[in-house]
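Before any comments, here is the structure.
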Amino acid sequence: KLSPRLAAVAQLVETKQKMADIGSDHAYLASALVEQGKVAKAIVGEVAEGPLQNAKSTVSSQGLTGSIDCRLADGLAALSKTDEVETVVIAGMGGLLIKKILEDGQSLGPFQQLVLQPNTDQEALRAWLVQNGYRISQEKMVAEGVHHYEIIVAHPGQQKLSAEDLTFGPFLRKDKGPVFVAKWQHERDRLALVLKRLEEAQQTNSMKYAEVKRAVGQI
Ligand code: SAM
Numbered sequence: 005k006l007s008p009r010l011a012a013v014a015q016l017v018e019t020k021q022k023m024a025d026i027g028s029d030h031a032y033l034a035s036a037l038v039e040q041g042k043v044a045k046a047i048v049g050e051v052a053e054g055p056l057q058n059a060k061s062t063v064s065s066q067g068l069t070g071s072i073d074c075r076l077a078d079g080l081a082a083l084s085k086t087d088e089v090e091t092v093v094i095a096g097m098g099g100l101l102i103k104k105i106l107e108d109g110q111s112l113g114p115f116q117q118l119v120l121q122p123n124t125d126q127e128a129l130r131a132w133l134v135q136n137g138y139r140i141s142q143e144k145m146v147a148e149g150v151h152h153y154e155i156i157v158a159h160p161g162q163q164k165l166s167a168e169d170l171t172f173g174p175f176l177r178k179d180k181g182p183v184f185v186a187k188w189q190h191e192r193d194r195l196a197l198v199l200k201r202l203e204e205a206q207q208t209n210s211m212k213y214a215e216v217k218r219a220v221g222q223i
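Written out as structure tokens, the structure reads:
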């Protein structure tokens with residue numbers, strides 16, 4: 005059974021012939037998608053030997069060796085054009101790493117669908133997507149324990165995003181769901197505390213103070 009975070013990622017993957025999960029670790033996502041019949045075939049990529057072994061052991065214990073190919077590679081180097089992958093999932097990593105993986109693999113794209121779950125730097129990832137031939141078509145935020153996770157779905161296309169769209173997500177900021185509100189209230193409280201500390205340290209003229217003040221103003 006998938007965690008709430010991975011279940012939300014799985015739900016956003018479109019029914020297709022072939023998907024790839026880059027940085028799959030245990031290959032739980034690909035196994036669930038094949039078992040649900042949402043994808044016929046999957047490729048899972050891992051840069052590290054240990055997680056690749058985790059993937060292989062899930063795939064063989066579930067009897068899915070005919071449908072899921074486990075490959076050792078850095079990012080999208082796991083794929084070639086002839087694989088004809090339609091959906092690429094990259095989940096559970098920092099946004100800057102996801103951006104780098106997409107950037108390094110640009111010659112293979114654009115993919116029909118991207119499902120991305122960045123743990124950090126969502127803003128930089130959104131900016132990269134719209135600057136590189138994708139439009140964000142859907143977003144979701146899920147809570148798992150004390151954590152909030154953002155999931156971004158993109159398709160080939162054009163889109164203009166405002167500064168607020170980049171920070172908060174064009175769909176998330178319209179929906180204003182309970183997880184979204186909780187995340188940003190928490191962030192605002194955290195930044196207010198940083199401002200207070202800087203004020204106490206008489207650092208109100210510092211770059212840091214101006215930066216944090218600007219960030220709080222955005223929320
Ligand atoms: N995607 C799974 C999930 O969301 O639960 C696993 C996330 S795990 C925290 C991140 C995985 O990404 C690790 O297994 C790591 O080895 C892998 N990884 C990191 N950089 C990578 C890269 N450049 N190419 C492929 N895999 C990578």
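Those letters in the sequence shown? Residues 5 to 223, by UniProt numbering. Don't be surprised by glycine CBs; every beta carbon is placed ideally from N, CA and C.
With a 10 Å radius around the Cβ and a threshold of 16 neighbouring Cβ atoms, R194 comes out exposed.
Taking C-beta atoms as the reference points, E143 and I156 count as a pair closer than 9 Å.
For M23, the distance from the CB to the nearest heavy atom of the ligand SAM is not below 8 Å. In terms of side-chain proximity, the C-beta atom of G49 is found nearer than 8 Å to a non-hydrogen atom of the ligand SAM. Short note on G149: C-beta not closer than 8 Å to any heavy atom of the ligand SAM. Secondary structure of Q162 (DSSP, three-state): coil. For I223, no alpha helix (DSSP H) run applies, since DSSP gives it neither H nor E. Secondary structure of T62 (DSSP, three-state): helix. When the beta-carbon positions are compared, G113 and G137 come within less than 9 Å of each other. Residue burial annotation: R201 is exposed, with fewer than 16 other C-beta atoms found within 10 angstroms of its C-beta. Taking C-beta atoms under 8 Å as the contact rule, A59 and D29 qualify, at a distance of about 7 Å. DSSP, reduced to helix, strand and coil, places H151 within a strand of the structure shown.
Counting C-beta pairs with one atom in each stretch, the segment 83-99 and the segment 116-134 have three or more that are closer than 8 Å, which means they touch. The alpha carbon of S141 has as its nearest neighbour, out of V51, H152, N123 and D169, the alpha carbon of D169. Between the alpha carbons of I105 and L80 lies a distance of about 6 Å. In the three-state reduction of the DSSP assignment, L118 falls in the strand class, which pools E and B.
Exposed is the label assigned to T69, since fewer than 16 other Cβ atoms lie within 10 Å of its Cβ.
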